[in-house]
Amino acid sequence: MLNTRILRRSFFSSALKLQVKRTDVLIVGGGPAGLTLAAAIKQSPHLSNLSTVLVDAGDLKEKIAGFYHDPPENFTNRVISLTPQSRHFLEDTVGVSLMEERIQPFDGLYVTDGCSDGTLDMERDSMGSMIEILNIQSSLLAKLQATNPAKLDILDKTKVQSIEYEDPEDNKSWPVVTLDNGDQYKTRLLIGADGFNSPVRKFSGIESRGWFYNRFGVVATLKLEYPPFKIRGWQRFLPTGPVAHLPLPNTNSTLVWSTTEPLSRLLLSLDDDVFVALVNASFVLEDVDLEYYYKSLQDGTITGEEVIQDVDYRINEKFNSFKDDSMIDEKYPPRVIDILDKSRARFPLKLSHADTYVAERIALVGDAAHTTHPLAGQGLNMGQGDVESLVKTLEKATQRGLDIGSLLSLEPYWADRYPTNNMLLGVVDKLHKLYSTDFGPLVSLRTFGLNLVNNLQPLKDLMIGKVSGPNK
Numbered sequence: 001m002l003n004t005r006i007l008r009r010s011f012f013s014s015a016l017k018l019q020v021k022r023t024d025v026l027i028v029g030g031g032p033a034g035l036t037l038a039a040a041i042k043q044s045p046h047l048s049n050l051s052t053v054l055v056d057a058g059d060l061k062e063k064i065a066g067f068y069h070d071p072p073e074n075f076t077n078r079v080i081s082l083t084p085q086s087r088h089f090l091e092d093t094v095g096v097s098l099m100e101e102r103i104q105p106f107d108g109l110y111v112t113d114g115c116s117d118g119t120l121d122m123e124r125d126s127m128g129s130m131i132e133i134l135n136i137q138s139s140l141l142a143k144l145q146a147t148n149p150a151k152l153d154i155l156d157k158t159k160v161q162s163i164e165y166e167d168p169e170d171n172k173s174w175p176v177v178t179l180d181n182g183d184q185y186k187t188r189l190l191i192g193a194d195g196f197n198s199p200v201r202k203f204s205g206i207e208s209r210g211w212f213y214n215r216f217g218v219v220a221t222l223k224l225e226y227p228p229f230k231i232r233g234w235q236r237f238l239p240t241g242p243v244a245h246l247p248l249p250n251t252n253s254t255l256v257w258s259t260t261e262p263l264s265r266l267l268l269s270l271d272d273d274v275f276v277a278l279v280n281a282s283f284v285l286e287d288v289d290l291e292y293y294y295k296s297l298q299d300g301t302i303t304g305e306e307v308i309q310d311v312d313y314r315i316n317e318k319f320n321s322f323k324d325d326s327m328i329d330e331k332y333p334p335r336v337i338d339i340l341d342k343s344r345a346r347f348p349l350k351l352s353h354a355d356t357y358v359a360e361r362i363a364l365v366g367d368a369a370h371t372t373h374p375l376a377g378q379g380l381n382m383g384q385g386d387v388e389s390l391v392k393t394l395e396k397a398t399q400r401g402l403d404i405g406s407l408l409s410l411e412p413y414w415a416d417r418y419p420t421n422n423m424l425l426g427v428v429d430k431l432h433k434l435y436s437t438d439f440g441p442l443v444s445l446r447t448f449g450l451n452l453v454n455n456l457q458p459l460k461d462l463m464i465g466k467v468s469g470p471n472k
C-alpha cells in the first residue's frame with residue numbers, strides 16, 4: 001500500500017514537471033520595449049535560434065495589430081518623440097516598416113520661459129519624429145506576423161499569475177512563470193518590460209527609488225488653423241509645469257501639458273472651446289493672465305465664454321503689436337482651433353530608477369528600469385536604447401559560449417546603460433525643479449542660462465545632441 005502511494009506521488013510529480021514548458025527568453029510586456037526586443041532577437045543572426053515567449057495582458061494580435069492594417073482617420077493621443085538613433089535602430093537594425101504617413105519629422109524646438117524673455121531656439125534637420133505609440137507597436141507586430149519567425153510565441157490577453165525559482169533555495173536556478181491561462185514556463189532569461197509596477201522587478205528583489213512629482217501630464221490631439229511655418233516643436237515653461245505643442249502631419253498637433261493636480265482636473269473638465277482658448281493662451285499670454293483664468297474658472301466667477309472672448313482679445317492685441325507678421329510665426333505656434341473628441345487624458349508624472357537592471361536570470365528594460373518627466377521627451381527613447389544595448393550584450397554572450405541568463409553575461413548591459421540613463425534622469429529632474437518656481441532670483445538665473453545657451457552655438461549643439469543623438 002505504501003509503495004503504491006509513493007508511486008502515485010512520483011507519477012503526479014513527474015506529470016506536473018512535464019507540463020512546465022521550457023524557453024530561452026521570456027519577455028513580460030508587449031509595449032514598444034518588449035516588442036522591439038522580441039523582434040530584435042529574431043532579427044539577430046546570433047540570437048534568432050533562441051526560443052522566445054512574449055506575454056502581455058493586452059489585445060496585441062487583433063486590436064493593436066489591426067491599427068497597422070486599418071488605421072483610424074484621426075491621430076491617437078499617445079504620441080512620443082522618436083530620436084534619429086531610435087528610429088535607425090527600429091528601421092535599419094530590427095527591420096520594421098513604420099507607417100510613414102502617420103509620422104511627422106521635425107527640425108527644431110523653440111523653448112521659452114513663461115516668467116521672462118528667456119528663449120532657446122534649437123534647430124537641426126531631422127531632430128526627431130513625432131509618432132504614435134500604436135504606430136510603433138503595430139508595425140513591430142506586422143513585422144513579426146509577416147516573417148513568422150521560428151521559436152517565437154506571443155501570448156496576448158494573458159497575465160502573469162506568479163513567478164518563482166525552479167529551486168526556491170537557489171536564485172541561480174531558472175525562474176518559473178505561471179500564467180493565468182494555466183501555462184507554466186521555465187526560462188533561461190526573464191525580461192521585465194512590464195512598466196513602472198513591474199512584477200518581474202518585484203520578483204527579482206531589485207529596489208527602485210524615486211518620487212511622484214505631484215504633477216500630471218494632460219494630453220490632447222489638436223487641430224490647427226493652418227500648417228506651421230516651421231515644422232518644429234514649441235515648449236513653454238510655466239511655474240505650474242511645461243506645456244508642449246508638437247507637430248503631426250498636416251494641420252494636426254499633439255499637446256502635452258504638465259501641470260498641478262487641481263489644474264489637470266480643471267483642464268479635463270472644461271468644454272472643448274474653453275480648453276482650446278487656454279491652450280492658445282498658454283503659449284502667448286503672461287503667467288499672471290493664465291493664473292487669473294485658472295482661479296476664476298475654478299471659483300466660478302467667470303464663464304467659459306468670457307474666457308474665450310478675453311483670450312482672443314488679448315492674443316490679437318499681442319499680435320497686432322508686431323510690425324512684421326512673420327515674427328508671429330517665428331515666436332508662436334499656429335493657433336489651435338479645435339481638439340479631437342475624447343482625446344483629452346491625464347497621467348501622473350514620476351521619477352524612478354532601479355538600483356540595477358540585472359540579476360541572475362533577469363534583466364529589466366524601459367519603464368521597468370526607469371521613468372522620467374516628459375519635458376525632454378526621452379522616456380521611450382531610453383527604453384529603445386536599453387533594448388539595443390541588451391541585444392548587443394546577449395550577442396556577445398552567445399558568441400563567447402556563455403549562459404545568456406548568468407549575471408556575468410548580463411552585467412555589461414547594466415554597466416552600459418545605467419550611467420547614461422542616470423545622467424539624463426538627473427538633468428530632467430533638475431530642470432523640472434528649476435522651472436517650477438516664479439521666485440525672482442531663480443527666474444533671473446535660469447533666464448541668463450537659457451539665453452547664454454541660445455547664443456553659444458557649440459553649447460547649443462551639445463544640448464541638441466543630448467536630446468536627439470549625434471548628428472549623422
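Note that UniProt numbering has the sequence shown beginning at 1, numbered continuously upward. Note that beta-carbon positions come from the ideal geometry of N, C-alpha and C, so glycine has one too.
Under the three-state reduction of DSSP, which class applies to residue i: helix, strand or coil?
i, result
"Lys-230", "coil"
"His-456", "For the record, residue 456 in the displayed sequence is Leu; it is not His. Leu-456: coil per DSSP, three-state reduction."
"Pro-357", "Before going on, a small fix: residue 357 reads as Tyr here, not Pro. Here Tyr-357 sits in coil by DSSP."
"Ala-244", "strand"
"Leu-222", "strand"
"Met-99", "coil"
"Ser-116", "coil"
"Val-311", "helix"
"Tyr-294", "helix"
"Lys-42", "helix"
Sort the options by Cα distance to residue i and report the nearest one.
i, options, result
"Gly-465", "Asp-183, Ser-139, Arg-124 and Asn-451", "Arg-124"
"Val-288", "Gly-114, Pro-334, Val-274 and Lys-42", "Gly-114"
"Asp-153", "Lys-433, Ile-41, Ser-343 and Gly-195", "Ile-41"
"Thr-112", "Val-284, Ala-142, Gly-34 and Gly-383", "Val-284"
"Ile-136", "Val-274, Ser-86 and Ala-146", "Ser-86"
"Leu-410", "Lys-396, Thr-187 and Asn-422", "Lys-396"
"Tyr-357", "Ile-131, Pro-374, Leu-445 and Ala-415", "Ala-415"
"Asn-74", "Leu-340, Gly-449 and Thr-372", "Leu-340"
"Asp-70", "Phe-448, Arg-102, Lys-172 and Val-177", "Arg-102"
"Pro-348", "Leu-263, Glu-100, Thr-178 and Asp-194", "Leu-263"
"Ser-48", "Gln-399, Gly-379, Gly-58 and Leu-431", "Gln-399"
"Ile-362", "Pro-239, Phe-203 and Asp-59", "Phe-203"
"Ala-281", "Asn-451, Val-336 and Asp-325", "Val-336"
Thinking C-beta only, is residue j closer than 7 Å to residue i?
i, j, result
"Ala-277", "Asn-77", "no"
"Tyr-185", "Thr-437", "no"
"Val-94", "Gln-43", "yes"
"Lys-223", "Asp-338", "yes"
"Tyr-110", "Arg-232", "yes"
"Gln-104", "Pro-249", "yes"
"Ser-258", "His-245", "no"
"residue 516", "Ala-220", "Here the chain has residues from 1 to 472 only, and residue 516 is not among them."
"Pro-334", "Glu-225", "yes"
"Val-20", "Val-55", "no"
"Phe-218", "Leu-290", "Sequence check: residue 218 is Val here, not Phe. It is not a contact, given that the beta carbons lie outside the stated cut-off."
"Thr-393", "Tyr-418", "no"
"Thr-187", "Leu-26", "yes"
"Leu-189", "Gly-405", "yes"
"Gly-377", "Ala-33", "no"
"Ser-138", "Tyr-68", "yes"
"Ala-39", "Lys-143", "yes"
Can you find the residues in the same chain that come closer than 8 Å, C-beta to C-beta, to residue i, ignoring five residues on each side of it along the sequence?
i, result
"Glu-261", "Asn-214, Arg-215 and Phe-216"
"Ser-14", "Confidence at Ser-14 is low in this model, with a pLDDT of 43, below 50, so its placement is unreliable and no value can be given for it."
"Asn-454", "Thr-119, Leu-120, Asp-121 and Lys-460"
"Leu-434", "Leu-442 and Arg-446"
"Gln-235", "Leu-109, Tyr-110, Val-111, Thr-112, Pro-242, Val-243, Ala-244, His-245 and Leu-375"
Go through its chain and collect everything with a Cβ distance to residue i's Cβ below 7 Å, but skip five positions before and after it.
i, result
"Asn-181", "Thr-158"
"Ile-308", "Asp-273, Val-274 and Ala-277"
Take residue i and list the residues in its own chain whose beta-carbon comes closer than 6 Å to its own, dropping the five residues that flank it on each side.
i, result
"Arg-201", "Gly-192, Leu-364 and Ala-368"
"Asn-421", "His-370 and Met-382"
"Thr-4", "With a pLDDT of 40 at Thr-4, under the threshold of 50, the modelled position of this residue cannot be trusted, and the question is left open."
"Phe-319", "Ile-328"
"Leu-90", "Val-96"
"Ile-6", "With a pLDDT of 36 at Ile-6, under the threshold of 50, the predicted position of this residue should be treated as unreliable, and no value is reported."
Can residue i be considered in contact with the ligand SAH, in the sense that its beta carbon sits closer than 6 Å to one or more heavy atoms?
i, result
"Lys-350", "Although the ligand SAH was asked about, the structure shown includes no ligands whatsoever."
Kindly confirm or deny that the region 66–85 and the region 117–134 touch, where touching means at least three C-beta pairs closer than 8 Å. Touching, yes.
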